[in-house]
Amino acid sequence: MFTSNPIFDNLILNTDSYKASHFVQYPPDSELVSAYIEARGGQFKQVLYFGLQAFLKAYWLKPITQAQIEEAADLLAAHGEPFNRAGWELIVNEYQGFMPIEICALSEGSVVPTGTALVQIQNTDPRLYWLPSYLETMLLRAIWYPTTVATLSWHAKQIIRQSLEMTCDQPAEQLPFKLHDFGARGTSSQETAALGGMAHLVNFMGTDTIAALLAARRYYQAEMPAYSIPAAEHSTITAWGREQEADAYANMLQQFAKPGKILAVVSDSYDIYHAVSEIWGKQLKEQVEQSGATVVIRPDSGQPEQVVIEVLERLEQAFGSRINQKGYRVLNNSVRVIQGDGVNLESLAVILARVQQQGFSTENLAFGMGAGLLQKVNRDTLSFAMKTSAIRIAGEWRDVYKQPITDLGKASKRGRLAVIKNAHGWQTIREDQLGSQHNQLQPIFRHGRLLKEVNFEDIRRQAECT
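Oh and the sequence shown: position 383 is 438 in the numbering used here, straight run, nothing missing.
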């Protein structure tokens, strides 16, 4: 998506092999096919929808060419699949290579119950009834991954929000920087890092995934959606040697500890408790306090719920604390803690509960997530699917659905769909039941044109107010 790679530029080949044979499998006189995408359930009951605009801008605003048709014809013939040359040449010759497709979708950033239709797709030329299903592979992949990461991040935000509201005097000010993305190196590709990292930034404003910044700029007009700080890693600390551990920390202060600045220093290369109490708390205490900076101590091993509490208590002993208006202890502004090891939704809740039980405010602490945020998800996390729900044959619309007796959770919706939002919440209904109600599925794309463009701040506001 973000670097030109001619191997993958051909959209005709951005599909599954068996899709190539489907154009002759539909009933005679088929004309129009309507399909939808939803998160059927899975790990969460609510889903934060995100990512369609990035996909459309990256892939569907560029035309298919005759050269790509020839490439696809040669490859699929050798692969053992038929090829619909007439169909693709119709797209190139009559639509200048742009998809004769209409997509309607919810506003990106919408938080809706699982089971809600997020996207609806339909061909606009009756001769291309096979096209919506052919596009399933690329379109579903473009939606399920960023939406799943955005949803996971959103649920983490609710856990942190609740804790901040109970223990912090300014929870809204603190919240955007409480979960930092450390996940780029744990992803399968640069595109994965970009899409997943950008999805996380719908909810938070801290990241070390530079690809996410580039994607948000390119596809959602975000000038600078997130921030980071100078931080140490184990190599930059251990390169000094164990006997010079204090010198390594002192160098971090010399380089980055300026008034009003923040820096993070991993401090568990040898003995986290000695580092906190003896080096930071005694040898370097005066330098830390006089610098005017905030030093964020990062443990990176052990049981998080135990290590975090011990580090907080040792920092309090060395640097002092105050009691905020909600009765919780807040460390002197010179020091804070970030926990980035072993963080997931379950451990996040456990750590915060322990911090609160020990009388500390959540404002003392930030979190980082790596592969658990960007990589340890899959299509089944939210049971994503794209299903055909209606077909027009010889001028008559018919319902299409599946209802397997062996798994009722895979039963699909019927008819052309609409989504409404009222006092009862979000509901997916048949379009013919819409009446005067507003359909939340709005036209987004048609014939190679983006009909409605949204910027990143709009998406953030949508996610926050839903």
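Don't be surprised by glycine CBs; every beta carbon is placed ideally from N, CA and C. All figures in this text were calculated on a predicted structure; none of them were measured in a lab.
- Message: Please give me, in chain order, every unbroken run of the beta strand (DSSP E) with length at least 3 that falls completely inside the region 413-491.
- Response: Those beta strand (DSSP E) runs which fall completely within the region 413-491 and span 3+ residues are 420-424, 439-448, 451-454, 472-477 and 480-485.
- Item | For Pro354, three-class secondary structure by DSSP | DSSP, reduced to helix, strand and coil, places Pro354 outside both helices and strands of the structure shown, so it counts as coil.
- Item | Ala303: first and last residue of the uninterrupted alpha helix (DSSP H) it sits in | In the DSSP annotation of this structure, the continuous segment of the alpha helix (DSSP H) that includes Ala303 starts and ends at Glu300 to Phe311.
- Between which two residues does the beta strand (DSSP E) carrying Tyr91 extend? Element bounds for Tyr91: Ser85 to Ala94.
- Item | Residue closest to Ala254, alpha-carbon to alpha-carbon, out of Lys476, Gln394 and Tyr104 | The candidate whose alpha carbon is nearest that of Ala254 is Tyr104.
- Task: Under the assumption that Tyr200 contacts Gly238 (Cβ atoms under 8 Å), give the Cβ distance between them as a whole number of angstroms.
- Result: Wrong, their Cβ atoms sit about 13 Å apart, outside the cutoff.
- Return the residue from the list Ile158, Ala132, Ile124 and Phe138 that minimises the CA-CA distance to Val147. Closest by alpha carbon: Ile124.
- Item | Own chain residues within Cβ distance below 6 Å of Pro82, not counting five before or after | Listed in chain order, the non-local C-beta contacts of Pro82 below 6 Å within the same chain comprise Ile448, local neighbours out to five positions each way being set aside.
- Tell me, please, whether the region 104-121 touches the region 465-475 by the rule of three or more beta-carbon pairs shorter than 8 Å. No contact exists between the region 104-121 and the region 465-475.
- Nearest to Tyr114 (by Cα), restricted to the options Phe63, Pro354, Glu86 and Ser162: Per the Cα distances, Phe63.
- Query: Three or more C-beta pairs closer than 8 Å, one from the region 405-424 and one from the region 450-460: is that the case here?
  - Reply: No, they do not touch.
- With a Cβ-Cβ cutoff of 7 Å, do Val166 and Thr443 count as a contact? Taking 7 Å as the cut-off, the Cβ atoms of Val166 and Thr443 do not count as close.
- Rounded to a whole number of angstroms, what is the C-alpha to C-alpha distance between Ala211 and Val204? In this structure, the straight-line span from the alpha carbon of Ala211 to that of Val204 is close to 11 Å.
- Query: Given a threshold of 16 other Cβ atoms within 10 Å of its Cβ, counted over all protein chains shown, does Ala270 qualify as buried or as exposed?
  - Reply: Looking at its Cβ environment, which holds 16 or more other Cβ atoms inside 10 Å, Ala270 is buried.
- Is the region 223-238 touching the region 374-394 in the sense that three or more CB pairs, one from each, lie closer than 8 Å? With a cut-off of 8 Å, the region 223-238 and the region 374-394 count as touching, because enough Cβ pairs lie within range.
- Just confirm the distance between the C-beta atoms of Thr179 and Glu157, as a whole number of angstroms; I'd bet it's less than 8 Å. So it is a contact: roughly 6 Å between Cβ atoms.
- Message: In this structure, how does DSSP classify Cys520 when only helix, strand and coil are distinguished?
- Response: Note: Cys520 maps to helix in three-state DSSP.
- Smallest Cα separation from Trp481: which of Ser332, Asn139, Ala249 and Leu173? Nearest option by C-alpha distance: Leu173.
- Bridge-paired residues (DSSP) for Asn178: The partner list for Asn178 (beta bridge, DSSP) reads Ile156.
- Query: Ordered along the chain, which non-local residues of its own chain (more than five positions away) have a Cβ less than 7 Å from that of Gly375?
  - Reply: Contacts found: Asn387.
- Inter-residue spacing [alpha-carbon to alpha-carbon] between Gly503 and Lys112: So the alpha carbons of these two residues sit roughly 10 Å apart.
- Closest Cα partner of Gly142 within the set Gly152, His134 and Val405: Among Gly152, His134 and Val405, the Cα nearest to that of Gly142 belongs to Gly152.
- Item | Enclosing beta strand (DSSP E) for Ile8 [first to last residue] | Since the first and last residues shown for the chain are 56 and 521, residue 8 lies out of range.
- Message: Looking at the strands, I want to know which residues DSSP matches up with Ala172.
- Response: According to DSSP, which records beta bridges pairwise, Ala172 is partnered with Glu93.
- Of the choices Asp487, Gln492 and Leu472, whose alpha-carbon is the least far from that of Ala478? Selected option, being the one with the closest Cα: Gln492.
- Query: Starting from Phe374 and walking both ways along the alpha helix (DSSP H), at which residues does that stretch end?
  - Reply: Its alpha helix (DSSP H) spans residues Pro359 to Phe374.
- Message: Would Asp263 and Ser243 be called neighbours here (beta carbons separated by less than 7 Å)?
- Response: No.
- Message: Give me the residue from Asn258, Asp435 and Lys74 with the minimum Cα distance to Pro231.
- Response: It is Asn258 whose Cα lies nearest to the Cα of Pro231.
- State yes or no: is the C-beta of Ile607 within less than 7 Å of the C-beta of Thr349? The requested residue 607 does not occur in the structure, where the chain is confined to residues 56 to 521.
- Can you list, in chain order, the residues of its chain whose CB lies under 7 Å from that of Trp209, leaving out five sequence neighbours each side? Hits under 7 Å: Leu103, Val166, Asn258 and Ala518.
- Note down the Cα distance separating Pro285 from Glu246, rounded to an integer number of angstroms. If I take the Cα positions, the gap works out to 25 Å.
- Specify, as a first and last residue, the run of the alpha helix (DSSP H) that Ile198 falls within. In the DSSP assignment, Ile198 falls within the unbroken alpha helix (DSSP H) covering Glu191 to Thr222.
- Query: Where do the ends of the beta strand (DSSP E) carrying His502 lie?
  - Reply: Going by DSSP, His502 is part of no beta strand (DSSP E) at all; its letter is neither H nor E.
- DSSP three-state assignment for Thr58, whether helix, strand or coil: Residue placement at Thr58 is flagged as unreliable, the pLDDT there being 47, under the threshold of 50; the coordinate-derived value follows with that caveat. Thr58 falls in the coil class under three-state DSSP.
- Query: Once you ignore the five residues that flank Thr58 on each side, which residues in its own chain have a CB closer than 6 Å to its CB?
  - Reply: Residue confidence is low: Thr58 scores 47 on pLDDT, short of 50, so the model does not pin down where it sits. No coordinate-derived value is stated.
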